[in-house]
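Residue numbers (our numbering): 3 to 321. To keep things clear, I will list the structure first and then write my remarks on it.
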């Protein structure tokens, strides 16, 4: 083939590749939430999707696929066609530490996904029923020590599970896990006093605490979240080095074309900064961050070492 013809053909390919993303999406996008409706991942998804619906005119369908500490929904997203029409809101557990908890996972949290963007960090709050006469973590510890044993709520193998066991280990408490599929399922039992405490992500915990349904005693990040400036950290409450924070992020199946990955990332990052959404984030206790796909991929891999250390120290097991 003459050199000129090759150049024309090459030019056509180069121009055509971005064109595939220019008319994307032209049908509804399936947005997988690997936890039940009503929890923090679901709430964040619906706020983001409402903003992105103005950008992705073809529409967004949110599907809650909870179970197995988020593994069921995450596996579903991993095996979806890599065409940009299935994306997932994942967490530090579903898309990182589950690799440590479950060596036989049906998916690989790293290899089977294209990271799109870090949405934000997942600071947690230590919350208790109003019926327990404690207003600080140390008062809670003293109350628990006077009991014959208490139960706490958490999704098995989650950052909430690790934080609860970290408190028990540091304070020498006798506490038993009552497993739940997610925060939304645990909250009624916490409010009723059937479990003594729970570490819940701020987007889920703060509305319950602000409405007076539960008491929030402290938060687990190294510094106070801007969304909860009046809530002390566990370190400030007298528990040195007590830092447990995860993250939320968006993913697409591996091998999703780069132009589509870049568009998804750019659109989601823009939605994170939407003024109306920012007000909702503040109310929920969520601190949006945003990132490039490459930055998020590095964070995802680097966090595996941190969570491996935390899992070994607390002795938390998935089963």
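Beta carbons: idealized from backbone N, C-alpha and C, even for Gly. Predicted model, so just to flag it, every value in this text is computed and none were measured.
Check                                                                                                : Outcome
DSSP state of residue 78 mapped onto helix, strand, coil                                             : helix
Endpoints, the alpha helix (DSSP H) within which residue 153 is located                              : Unbroken run through residue 153 is the beta strand (DSSP E), 152–156; no alpha helix (DSSP H).
Pick from 100, 53, 313 that is closest to residue 69, judged by C-alpha positions                    : 100
CB contact below 8 Å: residue 193 versus chain C                                                     : Any reference to chain C falls outside this structure, which holds one protein chain only.
Nearest-angstrom Cα separation, counted from residue 295 out to residue 14                           : Annotation note: pLDDT 38 at residue 14 (below 50); position unreliable, no value reported.
Burial state of residue 94 (16 or more Cβ within 10 Å)                                               : buried
Whole-angstrom distance between residue 73 and residue 267, CA atom to CA atom                       : 23 Å
Residue 318 to residue 28 span [Cα, whole Å]                                                         : 44 Å
Same chain, Cβ closer than 8 Å to residue 54, five either side skipped, listed in chain order        : 62, 269, 270, 273
Local Cβ density within 10 Å of residue 278, reported as buried at 16 or more and exposed below that : exposed
Under 8 Å between C-beta atoms of residue 204 and residue 287                                        : yes
Which of helix, strand or coil DSSP assigns to residue 123                                           : strand
Residue range of the unbroken alpha helix (DSSP H) whose run includes residue 43                     : 42–54
Closest by C-alpha distance to residue 243, when choosing among 290, 230, 165, 129                   : 165
For residue 126 and residue 160, believed in contact at Cβ under 8 Å, the rounded distance           : Actually they do not touch by this definition, with Cβ atoms about 10 Å apart.
Spatial distance of residue 236 from residue 25 (CA atoms)                                           : 48 Å
Bridge partner(s) assigned by DSSP for residue 177                                                   : 152
For residue 187, three-class secondary structure by DSSP                                             : helix
Selection from 56, 48, 87 that minimises the alpha carbon distance to residue 256                    : 87
Cβ distance (whole Å) where residue 96 is taken to contact residue 76 below 8 Å                      : 4 Å
Residue 236, DSSP secondary structure in three states                                                : coil
Limits of the alpha helix (DSSP H) - the one that residue 146 falls within                           : 139–147
N- and C-terminal bounds of the beta strand (DSSP E) containing residue 196                          : Careful: residue 196 lies outside any beta strand (DSSP E) and carries neither H nor E.
Rounded straight-line distance, which links the Cα of residue 39 to that of residue 252              : 17 Å
Span of the beta strand (DSSP E) around residue 218                                                  : 216–221
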